[in-house]
Structures are given as structure tokens and as C-alpha cells.
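Peer 1: Each residue of the sequence shown is one higher than the one before, counting from 34 in our numbering.
Every residue gets a Cβ at the ideal spot worked out from N, C-alpha and C, and that includes glycine.
Encoded as C-alpha cells, here's the structure I'll be asking about.
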Amino acid sequence: MAATMTGEQPGPRQTRRGLVGKLLDRFGHLVREMSKFATVGGVAFLVDFALFNYLTSTRDVEELTAKTISTVIAATVAFVGNRFWTWRHRQRSNPAREYALFFFFNIVGLGIAVACLAISRYGLGSVWPDVFQTRLADNVASYIVGTGLGTLFRFWSYRRFVFVEAGTRTLPQVRPDPDRRA
Numbered sequence: 034m035a036a037t038m039t040g041e042q043p044g045p046r047q048t049r050r051g052l053v054g055k056l057l058d059r060f061g062h063l064v065r066e067m068s069k070f071a072t073v074g075g076v077a078f079l080v081d082f083a084l085f086n087y088l089t090s091t092r093d094v095e096e097l098t099a100k101t102i103s104t105v106i107a108a109t110v111a112f113v114g115n116r117f118w119t120w121r122h123r124q125r126s127n128p129a130r131e132y133a134l135f136f137f138f139n140i141v142g143l144g145i146a147v148a149c150l151a152i153s154r155y156g157l158g159s160v161w162p163d164v165f166q167t168r169l170a171d172n173v174a175s176y177i178v179g180t181g182l183g184t185l186f187r188f189w190s191y192r193r194f195v196f197v198e199a200g201t202r203t204l205p206q207v208r209p210d211p212d213r214r215a
């Protein structure tokens with residue numbers, strides 16, 4: 034058994050009783066990761082939301098351009114939070130690789146949010162402009178529908194491809210001794 038940071042030997046693993054306890058034993062690490070991811074995402078969401086509305090309301094930036102700008106800045110905030118808090122326990126690979134993959138998957142997530150906004154504003158808005166070409170409809174399409182779908186995609190892709198688990202080490206290949214014949 035490995036010693037803890039204080040030098041103590043860990044005791045036998047305690048298992049909880051009942052269905053909820055067993056589920057926590059089995060999926061507790063995932064719940065903790067999702068909670069941290071949600072917290073980081075909440076902060077990034079606030080940055081995205083505030084900046085989008087600031088750019089469209091006071092700076093008269095077109096909606097799709099404003100969404101792109103606000104998402105890129107929020108994604109930078111999210112990268113720092115996820116790398117150094119949510120998945121800090123995960124193996125660190127090449128930081129440039131992590132950053133590039135993170136932003137690639139954010140571009141896909143941005144595409145999901147922008148597509149939802151475009152469908153609402155320009156697709157449904159061409160049929161019902163009084164309903165779908167409003168600030169409320171833009172925010173619902175972009176932040177509730179688009180961000181919701183994008184968040185599910187991002188959690189899966191970051192966990193699977195960006196902040197990867199340390200794999201089991203491979204054993205060195207055993208080469209047969211050419212002088213020794215069976």
C-alpha cells in the first residue's frame with residue numbers, strides 16, 4: 034500500500050450502504066468533476082453573457098460577431114479554470130496540445146451556440162419576427178439552448194480528449210534472446 038502525504042498508511046476502503054451510497058462510491062469522482070466543471074462554466078457563462086449583451090446593447094456589434102467575441106474570451110477563462118482546478122489531478126500533456134484541443138472543441142461548441150442563435154433569429158425569425166428577433170429570443174436561443182447543448186459536448190470532449198486520464202504504463206517489450214532457442 035502507498036503511504037499518504039502525511040506518511041500514514043491508508044486504511045481499507047470504506048463502502049457506503051444503500052443505493053445512493055453505492056452510486057456515490059462508484060460515480061463520486063464524476064460528480065465532483067461535473068460540479069467543478071459547472072462552477073467554472075458558470076463563471077465563463079457570466080463573462081460570455083455580460084460581454085455579449087454589452088457588445089450588442091451599447092456597442093451595436095452585430096449579434097453573431099458579438100457572440101463569437103464573447104465566447105472566445107469566456108473560453109479562455111474556462112480553459113484556465115478547468116486546467117488548474119477541475120482536472121488538475123489529471124496527467125498534464127503538452128500545454129500547447131491541450132490549449133489547441135480545448136479551443137478546437139470550443140469552436141465546435143461555439144458553432145452549436147451560433148447555429149441555435151442563427152436558426153432562431155434568421156430561420157424562425159423570418160417567419161415570426163416579433164417573437165424570434167428580440168433580445169429575449171436571442172438570449173434563450175444562444176444561452177439556454179445553445180449553451181446547454183454546447184456544454185454537454187464540451188464536458189464529454191474535454192474529459193475524453195483534452196484533460197486525459199493518466200493511462201496505465203506499458204511494460205517494456207520482452208525480446209527473445211536470439212542465442213537461446215527452445
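Under a Cβ-count criterion, where at least 16 other Cβ atoms within 10 Å of its own Cβ denotes burial, should V73 be classed as buried or exposed?
Peer 2: As a working mapping, residue 73 is identified with position 40 in the sequence shown. A buried status is given to V73, since no fewer than 16 other beta-carbon atoms sit within 10 Å of its beta-carbon.
Peer 1: Report the residue from V195, V76, L52 and S68 whose alpha carbon sits nearest the alpha carbon of F136.
Peer 2: By 1-based counting over the sequence shown, the position of residue 136 is 103. Among V195, V76, L52 and S68, the Cα nearest to that of F136 is on V195.
Peer 1: Could you tell me which of T119, D163, I106 and F78 sits nearest to R65, measuring between CA atoms?
Peer 2: Working through the sequence shown from its first residue, we reach residue 65 at position 32. It is T119.
Peer 1: In three-state DSSP terms, what is S153?
Peer 2: Counting from one through the sequence shown, the residue named residue 153 turns up at place 120. The answer is helix: DSSP assigns S153 an H, G or I state.
Peer 1: On the premise that G179 lies in contact with L150, defined as a C-beta separation below 8 Å, what is that separation, rounded to the nearest angstrom?
Peer 2: Along the sequence shown, read from residue 1 onward, the residue named residue 150 stands at position 117. Along the sequence shown, read from residue 1 onward, the residue named residue 179 stands at position 146. About 6 Å separates the CB atoms of L150 and G179; that is less than 8 Å, so the two are in contact.
Peer 1: If you check the beta carbons only, do R10 and G142 fall under 9 Å apart?
Peer 2: No answer is possible for residue 10: it lies beyond the span of the chain, which begins at 34 and ends at 215.
Peer 1: Specify, as a first and last residue, the run of the alpha helix (DSSP H) that D163 falls within.
Peer 2: The residue labelled residue 163 in the question sits at position 130 within the sequence shown. Start and end: P162 to F165.
Peer 1: In whole angstroms, what separates the C-alpha of I140 from that of A146?
Peer 2: To locate residue 140, count along the sequence shown from 1; it is residue 107. To locate residue 146, count along the sequence shown from 1; it is residue 113. Approximately 10 Å between the Cα atoms of the pair.
Peer 1: From N115 to T101, what does the alpha carbon distance come to, in whole angstroms?
Peer 2: Taking the first residue of the sequence shown as 1, we reach residue 115 at position 82. Taking the first residue of the sequence shown as 1, we reach residue 101 at position 68. Looking at the two C-alpha atoms, the distance is approximately 20 Å.
Peer 1: Compare the beta carbon distance of R154 and E96 with 9 Å and say whether it is the shorter of the two.
Peer 2: The count along the sequence shown starts at 1 and reaches residue 154 at position 121. The count along the sequence shown starts at 1 and reaches residue 96 at position 63. Yes; because the gap between Cβ atoms is below 9 Å, this pair is in contact.
Peer 1: What are the boundary residues of the alpha helix (DSSP H) that includes N172?
Peer 2: What you label residue 172 is simply residue 139 of the sequence shown in a count that begins at 1. Looking at the DSSP string, the run of the alpha helix (DSSP H) that includes N172 is R168 to N172.
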